[in-house]
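One structure is given here, and the rest of the page talks about it.
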Amino acid sequence: MAKKKTSKKIKRKSRSSSGSTTDRRILEEIIRVDHAGEYGAARIYDGQLAVFGKDSKIGKTIQHMAEQELKHIETFEKLIVTNRVRPTALLPLWNIGGFVLGASTALLGKKAAMACTVAVESVIGQHYEQQTKELGDDQAKLRITIKKFQKDELEHHDIGLKHDAEGALGYNLLTKVIAAGCKAAIVISKKI
Ligand SMILES: [Fe+2]
Ligand SMILES: [Fe+2]
Numbered sequence: 002m003a004k005k006k007t008s009k010k011i012k013r014k015s016r017s018s019s020g021s022t023t024d025r026r027i028l029e030e031i032i033r034v035d036h037a038g039e040y041g042a043a044r045i046y047d048g049q050l051a052v053f054g055k056d057s058k059i060g061k062t063i064q065h066m067a068e069q070e071l072k073h074i075e076t077f078e079k080l081i082v083t084n085r086v087r088p089t090a091l092l093p094l095w096n097i098g099g100f101v102l103g104a105s106t107a108l109l110g111k112k113a114a115m116a117c118t119v120a121v122e123s124v125i126g127q128h129y130e131q132q133t134k135e136l137g138d139d140q141a142k143l144r145i146t147i148k149k150f151q152k153d154e155l156e157h158h159d160i161g162l163k164h165d166a167e168g169a170l171g172y173n174l175l176t177k178v179i180a181a182g183c184k185a186a187i188v189i190s191k192k193i
């Protein structure tokens with residue numbers, strides 16, 4: 002009886018201290034959805050740049066964020082290969098959907114484009130926060146990568162606010178709808 006108690010204690014300890022391993026299914030979902038999300042984010046900025054042009058003042062700001070997204074995509078593309086993860090089958094959808102979202106918010110104006118950034122990056126930032134908690138100690142390197150990218154996403158979020166995103170017409174509704182769309186895309190891209 003006493004022996005059983007001891008082994009239970011040890012088991013619990015090993016789970017909470019260093020050496021925890023990430024469930025393979027969770028690792029696959031994290032890499033798949035992050036790859037999809039970074040791809041979608043880059044396409045949003047592509048759509049906005051198509052409207053504003055790269056040489057406009059706002060275009061240069063967006064270009065800075067787009068370049069960071071490309072680095073994020075490259076990293077997840079490598080992780081897809083090294084970890085043998087199947088990418089989402091919905092990339093063609095996020096390709097078009099991201100671009101349309103970017104272009105349509107840009108057509109509404111600079112503030113609406115920035116409101117889109119605030120909504121998207123805030124969801125991604127929270128999502129990355131959640132993932133750092135789900136990853137085990139065997140994925141410490143990936144956790145650091147995600148933390149770094151999360152910092153970039155929060156910078157993008159703040160750039161949006163600095164550019165008067167909140168002054169966009171219908172800001173509350175616009176950001177709510179976009180955030181809900183992003184959350185749905187996250188749920189779908191983990192699995193499909
Ligand atoms: Fe990103
Ligand atoms: Fe971003």
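The numbering of the sequence shown is this note's numbering, which starts it at 2 and goes up by one.
Quick reminder that beta carbons are idealized off the backbone N, C-alpha and C, glycines included.
Predicted, not measured: the structure shown is a model, and the values here were computed from it.
- In this structure, ligand 1 has no non-hydrogen atom nearer than 8 Å to the beta-carbon of D47.
- R25 and G168 have their C-alpha atoms spaced approximately 44 Å apart.
- Taking the Cα of V34 as reference, the smallest distance to any Cα among T23, T89, T106 and K177 is reached at T89.
- When the Cα atoms are used, K192 and V86 turn out to be separated by approximately 12 Å.
- Restricting attention to G171, G161, L175 and T146, the CA atom closest to the CA of G60 is found in G161.
- Excluding sequence positions up to five before and after V121, its CB lies within less than 6 Å of the CB of C183, all in the same chain and listed in chain order.
- Pairing G38 with I97 gives a Cβ-Cβ distance that is not under 9 Å.
- Taking the Cα positions, A51 is about 20 Å away from I74.
- Taking a contact to require three or more Cβ pairs closer than 8 Å, the stretch 101-110 and the stretch 139-150 do not qualify as touching.
- Fully enclosed alpha helix (DSSP H) runs of no fewer than 4 residues occupy 92-109 and 111-135 of the stretch 84-144, in order along the chain.
- T176 carries a helical assignment under DSSP once its states are collapsed to helix, strand and coil.
- Nearest neighbour of G110 by Cα position, chosen from Q127, D159, K163 and Q49, turns out to be Q49.
- Judged by DSSP secondary structure, I193 falls outside any alpha helix (DSSP H); it is assigned neither H nor E.
- Around the beta carbon of V119, 16 or more other beta carbons sit within 10 angstroms, so the residue counts as buried.
- Any heavy atom of ligand 2 counts here; residues with a Cβ closer than 7 Å to one of them, in chain order, are A42, M66, Q69, E70, E122, I125, D153, E154 and H157.
- Look at H164 here: in three-state DSSP terms it is coil, with no helix or strand label.
- Taking C-beta atoms as the reference points, L175 and T106 count as a pair closer than 9 Å.
- DSSP places L170 in the coil class of the three-state scheme, outside both helix and strand.
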